[in-house]
Structures are given as C-alpha cells and as structure tokens.
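Start counting the sequence shown at 1; every next residue gets the next number (full-length UniProt numbering). Beta carbons: idealized from backbone N, C-alpha and C, even for Gly. Working notes for the structure below.
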Amino acid sequence: MARRSFSFLIKSIVVILIILSYISEISSLYEDQAGKFDWKKSYIGKVKFADFKGVDRVIVATEENVLACLNIKNGEILWRQEMENSGGQQTELFYVNKEITTVSDGENTWYVRGWEINTGILLWEWTVNSEPESLKIYWSIYNRELISVNIFDSFSVQVNVYSLESGDIQKRKTIEVPGLWMKGNIRCITIKNFLACLKKNGGLEAITYINLFSDLNDISTIPIEFPGAEEADIMSFDNENLSILFIKNSMAKIINLKSEDIIPGSFLSNVINVKNEEHNQLYQLEINANNPNKLLRIKVHDENGKPQQSVDVEYPKGIGAPYILAGHCTTRDCNLLLSSIDHALILVRVSDGKVIWIREEALSDIVAVEFFELPVSELDASIENEFKTSTHDIFSMFIHRITTQTIQLSNLIFGSQLTMNNMLVRDDFGLHKIIVVVTRVGKLFALDTLSGHIVWSYRLPHIIPFDKGNEGNILLFVQRTARYSPLPAQCSLLASDDISGLTVLFQFDPITGYSKDGITMLNKKILQAMLLPYEDENHLKPIITVDKDGSVDVYPKQAESIVKKHLPSIYLYIVIDDVMNGYSLQMQSGKIKTSFNGISYLDPQSC
C-alpha cells in the first residue's frame, strides 16, 4: 500500500512538472499593457476614378494602383485590391458595369483585368503588348468589347477590338488621318466608339473626331470660339448624348458630338452629369463668397444648362480645394463624391449640403513620423511645482506651499471635467503618446496612440519633399519635448516650396498643432540640415542648415553661441550623385562656414 502511494506521488509530481514546464514558456502582457496598440488604419490613396454602384457602394481606383469598394454610409473599405507598384504602372481605364474592368500600363505591356463587384475577386486577366512605333494608346469599352487606339507618327491610327473577357482580337483596322491633325503635342480622348482630338489652327480651336467603327472613315470637325490666351484642353463627359468637355481659362463648354451642338452658357471645369430618375442634371462646385461659414456651393443645372438650384455646403476647414469625382441620385436624394488637392475623399449630401464622411487619404503616403510623450496633467504638474522654489525664506516657502495646494485642490475638484474634454495627458506608465506624421502632399496629422483617431491636422499649401521622386523626404526635427512644462513642446519641419523651389520652415507645437509664426520662407535652397544634441536655456535643440555656398544658419538664432561653443565637434556630410562629401564647421569673417574634410565615392550597386 505504501509503495502504491509513493508511486502515485511520483507520477503526480512528474505531471505537475510537465505542466509547469509548459507554463514557463508562455509569454504574457502586463495588465497595464492590455488593450494598447491594437488598432489598424487602412487607406487607398488619392482617388483617380470613381463610380457609384447602387445605393450603398462606390467603386474607386486610385493613383496608388489600388482598387477598392467603399460603404456609402460611413466610407469604410468593404474590400481592397492592390495591383502593381504605382511608380511604374497606372490605371488608365476604369469601367464599371456587371463587373469592374481596369486597364493598367506597363513598360511594354498593358494588363486588362476583370473584377467581381461584391468581393473584388479577380475574374480574368490578359495582356496586350505595345507597338514599338506607337506614340500613344487610348482605351475605350463599347458593347462589351475593348478598343485600343494606337497613334503613330506616320499619321495613321490603328484600331484593335478585343473580346473583353478572353482578349481575342475581334477586329483590326488602320485609319489614315491628315498630317495636321496628329502633328505636335495633340490632346485626344476616346468616348465609346469615337476618337476626338483638340486641333489648334492659329488662335482658333476645333474638335476633330471620327467614328472608329465606321467603314467610311469620315473625319468631322466642330469649330469653337472661346476667347482667352490659355492653353485649351478636352475631357470626356459621361452622359447619354456622347459629349465632351472643352476647357479653357478654367471654364468649360459641353459639346455634343452627335448633334454637333454646344450647350449654351459656360460651366466650371469640375462639372459632371448625374442622372436623376428620367432626367440628366449638371452639378458643379463654386466658391460661396457670401457666407464665410459655408465657403462651398453646389450649383445644379438641367441638361440644357438652365440653373435649377444652389446648395451651400458645410465644407470643413483645413481641407484643400475640392473637385467632383462622381455623383449618384435616388428618388430621395443625391450624393456627390469629392476629392481635394490634399487627397481627402468627401461624400456630400446635396439636399442639405451636409458632409456625410471624410477619408484623409493623404495618410496613405507618409514621409516623416515622430512619437511624442504627452504632458502631465494639471494636478501632477501642480504637485511637481510644490517642491520647486528658489528661496529659502520660511514665509515665502509657506506662501508657495499654500498656493500650490490650493491649485491642487482646484484641479482635484475640476480636473475630471478637464480630463474628459482633453484626454491628451500622460498616463501612469507613459504608454499614451501622440504620433505626428508628415505626408507627401504636405499635410500634418497628429494621431492618438490609444485609438488612432486624428487629434489635429494642418495643411501646408505648396509644400513638397526636397526630392520630387518617390524617395523624396520632408525633414521633421524634435527641438523640445513635453517634459519641460510649462514650456510647450516644439517641432520644426523643413521642406521645399512647390512654386519657388526655396526651403520653408514650419515650427509648431506637436501636442496642439499650434504654430506661432506659420510658414517661414528661408529664401534659399538648403543642401543639408541637422539637429544638434545640445540644448539652450529654454531646452531647445538648435537646427543647422547648409546651403550651396557653404553658409551655415542656426535656428533659433539665439542658439548660435551654443553652436560656436561646440564647433570643433560638429561634422556633417552631403551626398550628391553618389559622391559623399564630409565637412566640419569653422568661423570665417564672423560667420559659421563649412570646411571640406574629405570625399567618398559611393557604388550605386551596393546602396
């Protein structure tokens, strides 16, 4: 009996040890870490094409080569498909019917794809090889056939007609055109089975078009009288009458190719056609100068250009100028999908001018990011301040103690309400932070790390990265954090001005987004910028910039003494065309200048 008990005890101990060995390998989170960092935001990029499908969905294709379906009620992504790298390929044709058809360009190959509307599943895919002699290829879909129009330098147009699903060639023909029609930098578009081009003869413009399926190959011309010195352009106009938009001096005329009529009156270039029940309506956006609270106005015309109504829109501040992508009407109301110059996507209800939702698609292309600690609460700050006194006088210390404790009592009573209104305070473990991101389009965002919600945003007009290519960057420097209360945190942004090419400086508080001086033009082009690790009496770290003649500037200016003090230990480098030059700093004629120290050649293959 004793042996059985001992054997059972040994077996129990072995089982417990085995269980404990598994438990010891399990990873876990501390309780205060649970629920942190568990959000994800998805974006699609700047929308290039859009088409409403029914009353609850809108299909979009973006410049980042993303195809997506959005929920009309809230703007959420129902499904998303990412295609090739947008740097090498772009979607040139977007067509929505029973399925979605896209045509994307490549170096020598075009990709034709069909997508299922409800799920985004790829239904078919086939390719078309480009003709080496072709100057330009235009695409169109007509009667479930894909039409490619190849423009050649020999003043001929080659038309290929493909089966939409299989890619089999159904028809091929060559059309000889007059040399003057295709000469120079000509602008052409395809509308269904028509090719239309803008022809300029002296100071007069004309629309020249041809039916690609006609055996007669007759070329028709519509002369246009539109005063103004600006270059004219044409765009396709989606309606049932086979029309195009003629644009000049930011104004547009609607031209019907079938009847060769021009709708009376002039429209803005953002005008679109939307079918409302049995009638077509024209929608366009205008600036509303009469109401400072509603700066945007929707003007509605009938299909003959006669004004019907106008609606003022509660357009949110901080978002760039909009233009219309698409519209959709039901028996109850009409919706317009807008895009802005800072890549925001906005859905507006026409009846009351209300913005239903906004998607900040600038966040799809981030070029700089920084995490910031949040400031302590007012109660914690008052407790810390209680022990900070520069005097040892008993009476002064007593007054300081009473004052700080009174502030603590006030914060204890009213602090909960303040915290509810503004949750941007440091937590006990320092996990709650704020993320400041800079996007390629020049818009700043502050994101809450707990939820991912946008705390504030700031649009910097005409700001671009230093290098306009895909690898271009905007410099973001943290000069002072929030730990030095009551001094506010400070960030500095350096970028290039899109108009002048000069460097601009933008200093702001990363917690609130407030900027005292706004955008400052530096009146120079910098080659390099660097944040120094030293602090001045206000705990600001100086930034030094170097321009093309080797001059060095310090920001803020009062920190020059700190830079001069550490001059022998400051080194920097500048890389231009795979050549890296190293510099040190020295004083020349009372100014800080760069001094050449060495050169190194970089192998592009090893970078």
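Can you tell me where the beta strand (DSSP E) with residue i in it begins and where it stops?
{"i": "Ser-166", "result": "Where Ser-166 is concerned, there is no enclosing beta strand (DSSP E), given that its DSSP letter is neither H nor E."}
{"i": "Val-437", "result": "433-439"}
{"i": "Ser-600", "result": "591-601"}
{"i": "Glu-373", "result": "366-373"}
{"i": "Phe-477", "result": "475-480"}
{"i": "Thr-102", "result": "100-105"}
{"i": "Asn-280", "result": "279-287"}
{"i": "His-539", "result": "Per DSSP, His-539 belongs to no beta strand (DSSP E) and is neither H nor E."}
{"i": "Glu-205", "result": "204-211"}
{"i": "Ala-326", "result": "322-329"}
{"i": "Gln-507", "result": "503-508"}
{"i": "Asn-71", "result": "66-71"}
{"i": "Tyr-43", "result": "No beta strand (DSSP E) holds Tyr-43; DSSP gives it neither H nor E."}
{"i": "His-462", "result": "Neither: His-462 is in no beta strand (DSSP E) and is coded neither H nor E."}
{"i": "Thr-449", "result": "That residue, Thr-449, is in no beta strand (DSSP E); it is neither H nor E in DSSP."}
{"i": "Trp-124", "result": "122-129"}
{"i": "Asp-498", "result": "Asp-498 -> no beta strand (DSSP E), and no H or E assigned at all."}
{"i": "Gln-89", "result": "Counting along the chain, Gln-89 falls outside any beta strand (DSSP E), and DSSP gives it neither H nor E."}
{"i": "Asn-74", "result": "First-last for Asn-74: undefined, no H or E at that position."}
{"i": "Asn-150", "result": "145-152"}
{"i": "Tyr-138", "result": "134-142"}
{"i": "Ile-526", "result": "526-531"}
{"i": "Thr-221", "result": "219-224"}
{"i": "Tyr-555", "result": "552-555"}
Step through the CB atoms of chain B and report whether any lies within less than 8 angstroms of the CB of residue i.
{"i": "Pro-132", "result": "The structure shown contains no chain B; it holds only a single protein chain."}
Round the Cβ separation of residue i and residue j to the nearest angstrom and send it over; I've been treating them as touching at under 8 angstroms.
{"i": "Asn-108", "j": "Ser-130", "result": "5 angstroms"}
{"i": "Val-438", "j": "Phe-372", "result": "Contact flag wrong, Cβ pair sits at about 13 angstroms."}
{"i": "Tyr-315", "j": "Leu-295", "result": "6 angstroms"}
{"i": "Gly-114", "j": "Glu-165", "result": "7 angstroms"}
{"i": "Tyr-95", "j": "Ile-147", "result": "Not a contact, Cβ separation roughly 11 angstroms."}
{"i": "Ser-266", "j": "Ala-252", "result": "7 angstroms"}
With a threshold of 8 angstroms on Cβ separation, who are the neighbours of residue i within its own chain once the five nearest residues in sequence on each side are excluded?
{"i": "Ile-319", "result": "Ser-340, Asp-342, Ala-344, Ile-346, Ile-358, Arg-459"}
{"i": "Gln-308", "result": "Gln-281, Val-300, His-301, Asp-302"}
{"i": "Glu-277", "result": "Cys-329, Thr-331"}
{"i": "Ala-529", "result": "Leu-475, Phe-477, Leu-494, Ile-543, Ile-544, Thr-545, Val-546"}
{"i": "Ser-595", "result": "Tyr-583, Ser-584, Leu-585, Gln-586"}
{"i": "Ser-24", "result": "Because Ser-24 sits at a pLDDT of 47, beneath the cut-off of 50, its placement in the model cannot be relied upon, and the point is left open."}
{"i": "Leu-602", "result": "Val-575, Asp-578, Val-579, Met-580"}
{"i": "Gly-472", "result": "Val-367, Arg-440, Ile-464, Pro-465, Phe-466"}
{"i": "Val-311", "result": "Arg-297, Ile-298, Val-300, Val-350, Ser-351, Asp-352, Gly-353"}
{"i": "Ile-121", "result": "Trp-115"}
{"i": "His-566", "result": "Leu-532, Tyr-534"}
Apart from the five residues just before and just after residue i, which ones in its own chain have a Cβ nearer than 6 angstroms to its Cβ?
{"i": "Pro-488", "result": "Asp-509"}
{"i": "Val-554", "result": "Pro-542, Ile-544, Glu-560, Val-563"}
{"i": "Met-420", "result": "Low per-residue confidence applies at Met-420: pLDDT is 42, beneath 50, and the placement is therefore not dependable enough to give any value."}
{"i": "Leu-268", "result": "Gln-284"}
{"i": "Val-112", "result": "Val-103, Trp-126"}
{"i": "Asn-150", "result": "Glu-131, Ser-134, Ile-137, Gln-158"}
{"i": "Ser-42", "result": "Ile-77"}
{"i": "residue 621", "result": "Beyond the ends of the chain as shown, which are 1 and 607, falls residue 621; an answer cannot be given."}
{"i": "Leu-418", "result": "Because Leu-418 carries a pLDDT of 38, less than 50, the predicted location of this residue cannot be relied on, and no value is offered for it."}
{"i": "Val-128", "result": "Trp-110"}
{"i": "Ile-599", "result": "Asn-581"}
Taking the alpha helix (DSSP H) that residue i falls in, what are its first and last residues?
{"i": "Ile-562", "result": "560-565"}
Short of 7 angstroms in beta carbon distance, which residues of its chain neighbour residue i, apart from the five on each side in sequence? Order them along the chain.
{"i": "Val-222", "result": "For clarity, residue 222 is Ile in the given sequence; the question names Val instead. Excluding positions up to five away in sequence, the list reads Ala-206, Ile-207, Ile-255, Glu-260."}
{"i": "Asn-304", "result": "Ile-263"}
{"i": "Lys-548", "result": "Lys-525, Leu-527"}
{"i": "Pro-375", "result": "Val-425, Arg-426, Ala-482, Ser-485, Ile-511"}
Between residue i and residue j, is the Cβ-Cβ spacing less than 8 angstroms?
{"i": "Leu-476", "j": "Glu-370", "result": "yes"}
{"i": "Lys-46", "j": "Thr-62", "result": "yes"}
{"i": "Val-274", "j": "Gly-353", "result": "no"}
{"i": "Gln-507", "j": "Asp-536", "result": "no"}
{"i": "Tyr-138", "j": "Ile-186", "result": "no"}
{"i": "Glu-99", "j": "Glu-84", "result": "no"}
{"i": "Asn-249", "j": "Glu-230", "result": "yes"}
{"i": "Asn-335", "j": "Val-350", "result": "yes"}
{"i": "Asp-175", "j": "Ser-156", "result": "Before going further, note that residue 175 is Ile rather than Asp in the sequence given. Going by C-beta atoms, Ile-175 is nearer than 8 angstroms to Ser-156."}
{"i": "Val-58", "j": "Ile-44", "result": "no"}
{"i": "Glu-76", "j": "Leu-70", "result": "yes"}
{"i": "Phe-213", "j": "Asn-193", "result": "yes"}
{"i": "His-539", "j": "Asp-498", "result": "no"}
{"i": "Gln-479", "j": "Ser-492", "result": "yes"}
Segment contact flag, the region 448-455 with the region 477-492, C-beta cutoff 8 angstroms, min 3 pairs: no
Three-pair Cβ contact test at 8 angstroms for the region 82-95 versus the region 352-366: no
Contact the region 212-220 vs the region 229-246: 3+ CB pairs below 8 angstroms: no
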